Amino acid sequence: MRFCLKFNKGSFNIVEASNLFILDLRGSELELHRFSVLVQFFTYLSEVYNEFEVWIDKETFLFGGSRLYSKEANDIMELIQCSTRAFFLEKKMKKLLKIFRMQEYQMVENFLI
Amino acid sequence: MTRSFFQDQMKLKSLPIKYNFAINYSKHPELMSLKMSLKKTFNIVFSPTFDLNQKVEDSSRRYGVISKESFDKLENLYLEIQNRVIDENIHDIKFIFLNKKMFNWQYFPNIIDLRHFEDYGLNFASMLYFVQDNCEWTIGSEGTMQCYLLLSANLKHAIYIDNSHWGYPASDGSTVPLFMDSCDYLKYNEAPFAYIPNNNDVIENIFNDYYNFKKNNQLQ
Chain A
1 MRFCLKFNKG SFNIVEASNL FILDLRGSEL ELHRFSVLVQ FFTYLSEVYN
51 EFEVWIDKET FLFGGSRLYS KEANDIMELI QCSTRAFFLE KKMKKLLKIF
101 RMQEYQMVEN FLI
Chain B
114 MTRSFFQDQM KLKSLPIKYN FAINYSKHPE LMSLKMSLKK TFNIVFSPTF
164 DLNQKVEDSS RRYGVISKES FDKLENLYLE IQNRVIDENI HDIKFIFLNK
214 KMFNWQYFPN IIDLRHFEDY GLNFASMLYF VQDNCEWTIG SEGTMQCYLL
264 LSANLKHAIY IDNSHWGYPA SDGSTVPLFM DSCDYLKYNE APFAYIPNNN
314 DVIENIFNDY YNFKKNNQLQ
């Protein structure tokens, strides 16, 4: 159950002038409580960046076959979108969860949960 | 890992969220009447898992995912607050039960049962906004609902979360947001390893807020 992150040291670089922050959660198979770990940074990201996108796909959340859980995930995304400047976008997937900022395409690689 | 990666490496700040959500009360007059009633009372959300008969949890989680010792402390807190409510003949403190996994808590007349909040037309998101808009405190143990309650900027939280079930520090895994380290209304001396407040401090804080609530309401 541990929220465990692995990443290649030095594989990301922050550009202070970036206006867009993208949190790519495609294929990350998050449970709702683990998503809340990320959400604690959404207020800050909304304040710092003009645009803050969260990329999702059908494998962003781990539903375990539960339709109720699927609805809860959608409800939470709606609440977060109403409450912060995070904008959820459904996009075709890549397997690894990556965080990167546009302009020079910095990213965190091998960011596994 | 959460702390070292997001906070130290990526320099992100952990901050609460002021939830915002449009609730359509027109289809649910009962929800509006509940809201109007809650505006007149001091409301504490209460959501710790308690499932002695294992209706939904296995035996290792009958008291939630905290130790029996932490649970006992939480139960004592609940009973001490309720006893003080009775001793002081208080009728405008309400406890809102919110978690479907809470079955065995002692009953008191000031309980509002919102465990099946869907019956009021609320979903998981609108429930969080409704609670933020109408309540003052939350008391809870570890769970998904409490995770999202903790993120609310407008509520105060007394949380009883330890590392007994998972074996790693509470705020370094998946439970307690990092901003709770600098909580200014309650001391969590073991944070971030565990978040177990002193019961007397919790009671004093809650009742001080209640007395202020009374004072402000009388002034209006």
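Line by line, the protein sequences are chains A and B.
Using my numbering, you'd call the opening residue of the first sequence number 1 and step up by one each time.
Using my numbering, you'd call the opening residue of the second sequence number 114 and step up by one each time.
Don't be surprised by glycine CBs; every beta carbon is placed ideally from N, CA and C.
Keep in mind the model is a prediction, meaning the values are calculated, not measured.
Integer-rounded CB distance, given that residue j should sit under 8 Å from residue i
i	j	result
B/K300	B/P290	Actually they are not in contact, since the Cβ atoms of B/K300 and B/P290 sit about 17 Å apart, beyond 8 Å.
A/S83	B/Y233	Rounded, the Cβ-Cβ distance is 21 Å, inconsistent with contact.
A/F21	A/F52	5 Å
A/K91	A/R34	Not quite, the Cβ-Cβ distance comes to about 20 Å (not below 8 Å), so this is no contact.
B/Y298	B/N318	6 Å
B/R197	B/I316	7 Å
A/F63	A/L30	Not really, about 10 Å apart at Cβ, beyond 8 Å.
B/N312	B/N189	6 Å
B/L264	B/I130	5 Å
B/M215	B/T162	6 Å
B/C248	B/L227	Not really, about 10 Å apart at Cβ, beyond 8 Å.
A/V54	A/A86	5 Å
B/Y68	B/F134	Outside the modelled stretch of chain B, which goes from 114 to 333, sits residue 68 of chain B, for which no answer is possible.
A/E72	A/L32	6 Å
B/S127	A/Q81	Not really, about 19 Å apart at Cβ, beyond 8 Å.
A/L79	B/A266	About 13 Å separates the two Cβ atoms, so there is no contact after all.
B/A304	B/D294	5 Å
DSSP state of residue i mapped onto helix, strand, coil
i	result
A/A73	helix
B/L125	coil
B/L165	coil
A/E90	strand
B/D171	coil
B/I225	strand
A/F21	strand
B/N329	helix
B/Q245	helix
B/F119	helix
B/C296	coil
B/Q219	coil
B/E303	coil
B/T257	helix
B/V315	helix
B/P290	coil
B/L151	helix
A/E109	Low confidence applies to A/E109: its pLDDT is 38, below 50, so where it sits in the model is not reliable, and the reading given next is rough at best. Note: A/E109 maps to strand in three-state DSSP.
B/I136	coil
B/L235	coil
B/P142	helix
In DSSP terms, what residue i is bridged to
i	result
B/Y323	In the DSSP output, where bridge partners are listed per residue, B/Y323 has none listed.
B/H270	B/T251
B/Y308	B/I274
B/I157	B/F208, B/W250
B/S265	B/I130
B/G177	B/R175
Closer than 8 Å to chain C by CB, residue i
i	result
A/D24	Of the protein chains in the structure, A and B, none is chain C.
Check whether the region 252 to 263 of chain B and the region 154 to 168 of chain B touch, using three or more Cβ-Cβ pairs below 8 Å as the test. yes
What ranges does the beta strand (DSSP E) occupy inside the region 184 to 214 of chain B, keeping only unbroken runs of at least 3 residues that lie completely in it? 206 to 210
Flag this pair as touching only if the region 122 to 141 of chain B and the region 203 to 222 of chain B have three or more C-beta atom pairs under 8 Å; answer yes or no. no
Suppose only complete runs of 3+ residues qualify. What are the beta strand (DSSP E) ranges in the region 25 to 62 of chain A, listed by chain order? Here the runs fully enclosed are 51 to 56.
Stretch-stretch touch, CB-based, cutoff 8 Å, three pairs: the region 184 to 203 of chain B with the region 165 to 174 of chain B: No contact exists between the region 184 to 203 of chain B and the region 165 to 174 of chain B.
With a cut-off of 8 Å, do at least 3 Cβ pairs link the region 191 to 210 of chain B to the region 41 to 49 of chain A? As far as the Cβ criterion goes, the region 191 to 210 of chain B does not touch the region 41 to 49 of chain A, which means the pair count is below three.
Kindly confirm or deny that the region 224 to 238 of chain B and the region 137 to 144 of chain B touch, where touching means at least three C-beta pairs closer than 8 Å. yes
Pairs of beta-carbons, one from the region 303 to 320 of chain B and one from the region 263 to 283 of chain B, closer than 8 Å: are there three or more? Enough Cβ pairs lie closer than 8 Å, so yes.
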